[in-house]
Structure formats: C-alpha cells, structure tokens
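Start counting at 1 in the sequence shown, then tack on 1403, and there's your number in the working numbering.
Ideal placement from N, C-alpha and C gives every residue a C-beta, glycine not left out.
Each remark here refers to the structure printed beneath this line.
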Amino acid sequence: MNGLTYVQKKFIDYINTIMGTNKLSHSYLIEIGDFSLEFPFILLFVKMMLCPLEVASTSQLNCNRCNTCKLIDDGNFPDLEIIEADGAQIKKKQLLSLKDEYQKKSLIGKRRVYIIKDAEKLNPSSANTILKFLEEPEEDIVAVLITKNRYQVLDTILSRCQVLSLLDTSDIGVIDDGINQFIKYLIKGEDLFIYYKEIYDHILPDKETAKNSFILIEKIFIQYLSLTARGDSLTQFEFLSNVDNKKILSYITIIEEELPKLVYNINYKLWLDAIYSRFVEV
Ligand SMILES: [Zn+2]
C-alpha cells in the first residue's frame, strides 16, 4: 500500500505488534475521520484477526489468497457482523439478535468479530446490552466499535474499550506556553512532585483541561513524528528535537491507553499521577 498517512502506518504497525505479542483485546473503539476512506483499514484490522494465512499487513489490504479475506471484502464472511444504526440510534434489538446469532452459529475460523458503526449512536439501553457482551468476553469474540468522536460515545462504553485513532492530526495551531512547559516536564523524566504546584495550580487545574491538554499533546507527538518522517522543518516543535522517536511513540501509546481511564477517574489528580509516572519510566 503506497501513499499511507503517518497515522495509518502507525495504526497498522500497532495492530501488527498486538497480534504478534498476542495482546489482542476484546474490545476496540476506533476513531476515524472519514468512514469511506478509513473503512478499508478497519477491514484490514479484521482480516489480520481472521485470515488463516496471517495477511501480510504492511504491503497489502488482504492476503489475496484465502477465502476468508475474499469473503470479508465481499461482505459475506459469516463470522463478521457489521451493525449500523437503525435510524438515529443503534437499537437494543439489533444487538440482541447479534448475540443470538453468534450463540447459535458454530465458529468457522479463529474468532468472530463484530463491528459497530457510529458507536456514539448506542443509546443507554443498547449500550447496556453491549456492556454485557464486553463484560463477559467470549474468548473468540472481538468487538470493533467505530466513531467519528470518541467523546460522544457513552463513558461506560469508552472505559471498556481500547481506543485507537485514525484521525489526521495536522491541525494543531499555536501551542500555548503552559502545554509547551508541561511537555518539557514530561520528557525530562523527573518526578511529578517537583512540578506539582505549577502543574496543578496553573497548567492543568481541572479534569476537563487535563483531558483536552492530553488530546492536544498526543496530536503534537503524532504531528512531530510525521514531520520528522517527511524531513520537514521542526521549528514549531523545537522542544522535542532531542527526544528519541521511539520514546515519542511510547508516549503516544501511554496517552492512548491512559486517556480513556480519565473518564471514570473521579479524582483526576490520581489519574495524572499515574500517567505521569508512566512517562517518567519511558
Ligand atoms: Zn487471507
């Protein structure tokens, strides 16, 4: 596949890593920008989970050899269900019939996958049904929820999914001094305690600011890597120029993993302590 964006490459690398280390989760929430453009990547992820020949993911969108990949491309693979909103909402009965169907059918390949498009359209009642699914994950069932905005998805769902993003992040704008300073603290690797007052009194005084700041920080890291890869000017991100790219990738992973937890953390300072100490360990 030529012409992949940095984010798409990162997505595929990440999936390769989790498949290679057997760290597949039971539920993913994938944030996308444009459904028709990104859907082939969602299907690629699905094929990476289902293809018996273990599709060579970085070079092609399917293995071109097995029946599974072909059936997935044609929308006819029995162990893959795609649920779309029935009108403005995804209804409980749609999920119940999915559950029913998966309980009746016998498994063809390694596992089953279901995709829920527009996961923000899950209402509290359909979300409840999904949560029962997610809370008792069958060994062989993987949920892939898709949304254009993770923050519109019900917190109860968000907190149980691993969030991956395919969003293009080329719209950062001017980075304010506080964020700039905070990133410097993060990458210095010193204890949070040293900057405690500055951070909690000024830079990240509340949960909402902390959430938005980490979303921005992740974008900054991704943008930085994407610029480095292209050999573009880095003046906007001078403060990152001495940091190893591998470290930056680790930082992105930490934010991806920790940010969803902020939603259900009542005390955001505890959350910040936890994420900060992971940064320090990188
Ligand atoms: Zn295949």
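Who are the Cβ neighbours of residue i in its own chain at under 8 Å, not counting the five residues just before and after it?
i, result
"Leu1483", "Val1449, Leu1453, Ile1475, Arg1515, Val1516, Tyr1517 and Ile1518"
"Phe1536", "Leu1498, Lys1502, Ile1544 and Ala1546"
"Lys1513", "Met1452, Leu1453, Pro1455 and Asp1543"
"Gln1492", "Lys1524, Leu1525, Asn1526 and Ser1529"
"Ile1486", "Ile1493, Gln1497, Leu1498, Leu1501, Tyr1517, Ile1518, Ile1519 and Lys1520"
Say yes only if the C-beta of residue i is nearer than 6 Å to one or more non-hydrogen atoms of ligand 1, and no if none qualify.
i, result
"Leu1456", "yes"
"Cys1564", "no"
"Thr1471", "yes"
What residue range is occupied by the uninterrupted beta strand (DSSP E) comprising residue i?
i, result
"Tyr1517", "Arg1515 to Ile1519"
"Ser1430", "Ser1430 to Glu1434"
"Ile1485", "Leu1483 to Ile1486"
"Thr1550", "Ile1544 to Thr1550"
Tell me which same chain residues have a C-beta within less than 7 Å of the C-beta of residue i, skipping the five on either side of it?
i, result
"Gln1555", "Glu1523"
"Ile1445", "Ile1433, Ile1518, Val1547 and Ile1549"
"Cys1469", "Cys1454, Pro1455 and Leu1456"
"Ile1687", "The question about residue 1687 has no answer here: the residues shown for the chain are numbered 1404 through 1685."
Below 8 Å on the Cβ atoms is my contact criterion, and I expect residue i with residue j to pass it. Report the Cβ-Cβ distance as a whole number of Å.
i, j, result
"Ile1578", "Ile1651", "No, Ile1578 and Ile1651 are not in contact; Cβ-Cβ is about 15 Å, not under 8 Å."
"Ile1549", "Leu1525", "About 11 Å separates the two Cβ atoms, so there is no contact after all."
"Gly1436", "Leu1570", "5 Å"
Can residue i be considered in contact with ligand 3, in the sense that its beta carbon sits closer than 6 Å to one or more heavy atoms?
i, result
"Thr1550", "Inclusion of ligand 3 in the displayed structure is not the case, the ligand content consisting of ligand 1 alone."
Along the alpha helix (DSSP H) that carries residue i, what are the first and last residues, could you check?
i, result
"Ile1533", "Pro1527 to Glu1538"
"Ile1602", "Ile1602 -> no alpha helix (DSSP H), and no H or E assigned at all."
"Val1449", "Phe1438 to Leu1453"
"Gln1411", "Tyr1409 to Gly1423"
"Gln1565", "No alpha helix (DSSP H) contains Gln1565, which is instead part of the beta strand (DSSP E) from Gln1565 to Ser1568."
"Lys1672", "Tyr1671 to Glu1684"
"Cys1469", "Neither: Cys1469 is in no alpha helix (DSSP H) and is coded neither H nor E."
"Asp1558", "Asp1558 to Leu1561"
Between residue i and the rest of its own chain, which residues show a CB-CB distance below 6 Å, the 5 nearest in sequence each way excluded?
i, result
"Val1666", "Asp1558, Leu1561 and Ser1562"
"Leu1722", "Residue coverage of the chain in this structure runs from 1404 to 1685, which leaves residue 1722 outside it and unanswerable."
"Arg1681", "Ile1657"
"Lys1614", "Leu1665"
Cβ contact (3+ pairs, closer than 8 Å) linking the stretch 1665-1678 and the stretch 1418-1436: no
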